[in-house]
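Remarks on the structure that follows.
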Amino acid sequence: MEELCRFRPPQLSRQLTWEITRFCNLLCDHCCTMSGPDAARSHEPTTEALILAAGDLAASGITKVQFSGGEPLLRDGFLEVLDTVDTDVVSVHLASNGYSLTDRVIERLVTAGLHKLSVSVDGGTAEHHDLIRRKSGAFDRTMDGVSRSVSAGLCVGISATVTPGNISSLEALVNRLAEIGVADVSFHSVVAVGRAVHHPDLLFAADRERELEDELRRLHEIYGQDVVFDHSFGGDASRSTSGCPAQDRLLHIDPSGDVSPCSWLYKLDPVSFTLGNITAEPLREIVDRHCERLEDLRSQETERCIIPLATLAPIS
């Protein structure tokens, strides 16, 4: 499926996508990071190293950070890392599966000044969500956490993974979100990396792409006044970045501490796209020293994501 860039970086500064752990309580079929309950954590940086890097965000020209995982709320010390970020300069976003949104955690997120909580959901029914997540009861627990987070005053969005098997329940999802008062919903298809490589049934064949685009267009017409829709594919792609921002406007930190220009590029070729590691040197030094190494990305003239179009020369 032809897509524009999935990221929404600022126009004049940097966004950091920070996958802070590979540990997760769920074992999702489409997980691009191979996260799960048995994910090894021995190579993850110490909490102290994470705190030092978090304190470096503003000095590194980063004005938006998106924490994800694995499940970041299950990473020991994560809330302390969150407290370290200078929220006067850096807008803090958190991507979570929503399973661990207890009242205590929600209160901490409010206190930490979280700008936005993005909760991942797969379809609009427990049947669809729990099947991919391999956890009975996950859908109901996640949606309960979403509802309580909205009630607590958090800005909440939904990141909805769309597959050929759950198109039929998207309207049920959007309708429920509108009732709860969720700010927006972003739709994403599955990329064939990580665990999704072993589940090709989650990928869209060409004959189903138009069905998805037509359904999203229909839902937007019905619910567009109540819920903001965002997606990166088809002729109606919204708020997408043209070309590749993985240079001046985008950075990524892997659960191992590796810094790269883009999480998707890193997953496809970590050796070529690693710029440094936060356990070996400060984040701001990695950014300052290696910005000139991103010329290969800067030279890519395309309106679409470069990942399916070309194999870039290694950054050396």
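For the sequence shown, the numbering used here assigns the number 27 to the initial residue and increments by one for each residue that follows.
Ideal placement from N, C-alpha and C gives every residue a C-beta, glycine not left out.
None of these values were measured; they are calculated from a predicted model.
Check                                                                                           : Outcome
Beta-carbon spacing of A204, V253 below 8 Å                                                     : yes
Distance between S68 and T113 (C-alpha atoms, nearest Å)                                        : 30 Å
Length at least 3, wholly inside the region 51-95: the beta strand (DSSP E) runs in chain order : 88-94
Start-to-end residues for the alpha helix (DSSP H) that takes in E307                           : Looking at the DSSP string, E307 is not in any alpha helix (DSSP H), and its letter there is neither H nor E.
D227 to N192 span [Cα, whole Å]                                                                 : 12 Å
Reduced DSSP category for H225 - H, G, I as helix; E, B as strand; rest coil                    : coil
C-alpha distance - E106 paired with K293, whole-angstrom precision                              : 27 Å
V188 (DSSP reduced to helix, strand or coil)                                                    : coil
Backbone CA spacing between A75 and E311 [nearest angstrom]                                     : 14 Å
Limits of the alpha helix (DSSP H) - the one that L157 falls within                             : A152 to R159
Top-ranked residue by Cα proximity to V211, from L199, I248, E307 and A231                      : L199
For I46, the three-state DSSP class (helix, strand or coil)                                     : coil
Reference A65; option with closest CA among T72, P71, G81 and T47                               : T47
Collapsed DSSP secondary structure at R40 in the structure displayed                            : strand
DSSP beta-bridge partners of H257                                                               : F213
For H141, three-class secondary structure by DSSP                                               : coil
Terminal residues of the beta strand (DSSP E) in which A121 lies                                : S117 to S122
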